[in-house]
Amino acid sequence: MNRSIFKRLKITFLSAVVMLSASCAMTTEEYNAAVVETLVNAQGNIVATGYAVISVQPHDNPAQQRLLSIRASKLDAYRSLMEQVYGQYLDVNTTVGQLVLESDTFRARVQGVIYGAYLVSITPVGDDTYEVTMSLDRGIVSDLRTLYLEQMTSHSGA
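Under mature numbering (1 follows the signal peptide of the UniProt record, and there is no 0), read the sequence shown as residues -27 to -1, 1 to 131, first letter to last.
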């Protein structure tokens, strides 16, 4: 699947998710602009946001729980950056018996290296969540993809 089709599918999927949660007063153009804005900033860099809940962090000290939540939300943002750079590997199994769906399982995995990402913001959301936003320069994204494709080519030829 070429990159432009994948990008259109991703934007369509994100559009559907946002549209389901957005108000009906928003026009399609406004909605599409909002979706694209959340993935790419004004300089063309990839932007990703991660979230983590404070109260579930494994520590008795509230200050330490907050720090752990910030760390977890930063890792979630890195995961989101990796998904945007490398895509996701999906493993799907569907079992049908007597024309009836018996089971349907999905497993998703993302793997890669991210370097050069910078922290845009750390924001408390509500009373029990942190949001971390990170950005990755489009030049670095291009380098990462090139390195990844070279690595995949060298492994397949060995």
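Backbone N, C-alpha and C define an ideal beta-carbon position, used for all residues, glycine too.
Between serine 28 and aspartate 101 the beta-carbon gap is near 5 Å, inside 8 Å, which marks them as a contact. For proline 35, the enclosing alpha helix (DSSP H) stretches over residues 35 to 59. The shortest C-alpha to C-alpha distance from glycine 17 to any of Ser115, Thr119, Leu120 and Arg111 is the one to Arg111. The alpha-carbon of glutamine 71 is positioned some 15 Å away from that of aspartate 77.
Contact between valine 114 and isoleucine 19 holds: their C-beta atoms lie close to 6 Å from each other, under 8 Å. Here the alpha carbons of aspartate 64 and alanine 36 stand approximately 39 Å from one another. Rounded to whole angstroms, leucine 40 and alanine 81 show a C-alpha spacing of 28 Å. DSSP lists Tyr103 as the bridge partner or partners of proline 97. In the DSSP assignment, the residues bridged to aspartate 64 are Arg80. By the Cβ-count criterion, glutamine 57 is buried, with 16 or more other Cβ atoms from all chains shown falling within 10 Å of its own Cβ.
Residue state for valine 73 is assigned as strand, using DSSP reduced to three classes. Judged by DSSP secondary structure, tyrosine 88 falls outside any beta strand (DSSP E); it is assigned neither H nor E.
Per DSSP, valine 29 lies in no beta strand (DSSP E) and is assigned neither H nor E.
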